[in-house]
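Novice:
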Amino acid sequence: MARFAVKLALASIYIASACDGSGEECPQTLSFLQIALESSAKEQSQSSKKGCPTPDEASGLFAGLMPGVHNLTEVEVVEICVQLPLCVDSSTVATQNAWAQAGAIDFVAAALNEFPVTETVVVTCTLGMAPLILFNRENGLRAGKLGALNVTLNYYGSHLDSFPVMVLGGAIGAYFDFVNENRAIARELGGVEMFIQNIRNNFHGQYSDWAVEPVKQSLYALSSGTWTNGDIAYHEGFPSLGVQLMKEHGNETKIAEETLQAVKAMAFESNFYRSRWSELGIFEVLPGVLYDNPTDGGAISLVCEATQYVIGTDQPLGDPVSSIHVIPFNASIQEQATKGKMLEALLAAAMSDAELVQFDHESFNFNLDLAYPAKRNCFGALLVMGKDNPANLKAMREAGLAQSIRKEWESFDLLTRTAACALLGELGVEVNLLCPFAG
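Note that numbering that gives the first Met the number 0 gives residue 57 to position 58 of the sequence shown, counting from 1, and the numbers run on in steps of one.
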């Protein structure tokens with residue numbers, strides 16, 4: 000829920016203004032919002048659902064409303080949409096699907112189509128759609144087919160001077176998770192350009208020198224929306240913008256992590272984009288991200304994973320719904336990374352025994368350890384840093400990398416052990432006892 004907490008607060012402003020001065024016309028909505036605004040994210044998730052209908056109960060409500068959405072007022076629509084982020088648990092696919100089956104997606108899409116230029120509706124209903132479709136291809140595809148994304152993007156692009164609209168990027172980004180069809184809609188309507196413009200407006204821009212929430216939310220949208228749209232991101236100057244973002248604000252939660260999701264997408268799409276990220280100095284700023292976020296599992300995992308994408312692994316990599324192909328190793332990019340002191344930073348991260356934490360991932364409906372395997376990804380990054388590079392391998396040996404791996408061995412899962420074995424083999428360490436399958 001943390002991903003949408005700020006927008007819920009903004010939605011409360013809308014609803015308070017839409018209700019009469021006493022709030023008597025919509026007490027149920029205001030009650031829900033009071034819970035949202037006064038509780039912590041975890042407490043909110045627990046307490047707010049006490050007043051929520053079950054999906055089965057909600058199905059009757061939606062069934063009764065759907066034939067006459069055009070007869071509802073904007074206040075009535077907002078009352079319903081604003082409750083969905085409080086009632087729908089996006090961390091379980093079964094719950095998302097139950098609410099979809101109840102008719103929630105169809106209602107929100109109908110409401111957006113009925114009030115396409117009413118900001119209160121566009122904002123609250125876009126936020127209401129997000130937990131229904133987050134990392135859920137079937138639900139996201141349905142929402143896109145019903146025209147909900149089109150409405151939101153059309154309004155978003157023409158109202159980037161409105162703060163509540165500026166911070167819709169995270170909710171819009173939910174449409175793109177595993178859904179190339181929705182990424183194509185964004186391509187057609189200029190969505191990627193909008194997100195990048197929103198960042199520019201709020202990072203040394205016309206609205207702010209640094210407004211973290213609009214920037215972060217736009218990065219959420221780009222982290223998934225850049226897959227299949229890397230060419231647009233490149234032509235809009237995102238590589239230079241992304242490097243500068245991480246240079247100045249890579250110490251702030253989610254900024255580097257979400258930027259690097261887009262880096263992966265662009266690196267996967269084009270070897271030229273890989274070279275451009277390197278030339279523009281990505282490996283001069285990534286060491287700082289690692290040093291500034293020593294316990295941030297998401298940031299560390301993405302730095303190490305993106306390093307593999309940009310340098311190249313000669314192994315299959317890819318996006319779950321796009322394609323998978325081999326990204327060829329590039330010795331020149333490896334050299335740039337070495338000059339940027341990337342090796343030292345990767346060694347520090349890979350050999351650290353700090354307990355890692357996850358930020359703003361509690362609403363995700365998949366295994367976080369598998370999705371953000373920081374240690375395994377850092378072993379993979381070190382492997383490409385050592386490929387055909389005796390000097391870097393020597394530095395790894397002298398740093399005590401092999402000893403560190405042996406010390407932590409029992410804590411590694413099978414996939415991490417596999418990555419560690421490949422790295423130990425490259426270091427020339429005898430691994431038959433640890434890795435009987437090696438060689």
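Ideal Cβ placement from N, Cα and C applies to all residues, glycine included.
1) So what does DSSP say about V325, is it helix, strand or coil?
2) Does the beta-carbon of N200 have 16 or more other beta-carbons within 10 angstroms, so that it is buried, or is it exposed?
3) For T312 and G146, what's the separation of their Cα atoms in angstroms?
4) Closest by CA to F282, which one among L111, K340, E212, I323?
5) From E409 to L382, what does the alpha carbon distance come to, in whole angstroms?
6) The beta strand (DSSP E) spanning L316 covers which residue range?
7) What whole-angstrom Cβ distance do A261 and L221 have, given they're in contact under 8 Å?
8) Start and end of the alpha helix (DSSP H) containing N149?
9) Based on Cα-Cα distance, which residue from E113, A101, L342 lies nearest to L289?
10) How close, in whole Å, do the beta carbons of T415 and A353 come, if the pair is a contact with beta carbons under 8 Å?
11) Work out the CA separation of K374 and P327 for me, nearest whole Å.
12) In or out: E42 buried (at least 16 other Cβ within 10 Å) or exposed?
13) Looking at the secondary structure, which residues open and close the alpha helix (DSSP H) in which F378 lies?
14) Which residues does DSSP pair with V356 in a beta bridge?
15) Which residue from I184, P213, A183, N181 puts its Cα closest to that of Q196?
16) Quick check on E187: buried or exposed, where buried means 16 or more other Cβ atoms within 10 Å of its Cβ?
17) Rounded to the nearest angstrom, what separates S89 and L131 at their Cα positions?
18) Quick one: Cα of N292 to Cα of D318, how far?
Specialist: Short version:
1) strand
2) buried
3) 39 Å
4) K340
5) 21 Å
6) 315-317
7) 5 Å
8) 147-157
9) L342
10) Incorrect: roughly 16 Å between the Cβ atoms, too far for contact.
11) 23 Å
12) Residue placement at E42 cannot be trusted, given a pLDDT of 42 that sits under 50; the coordinates are not used to answer.
13) 373-385
14) D295
15) P213
16) exposed
17) 6 Å
18) 26 Å
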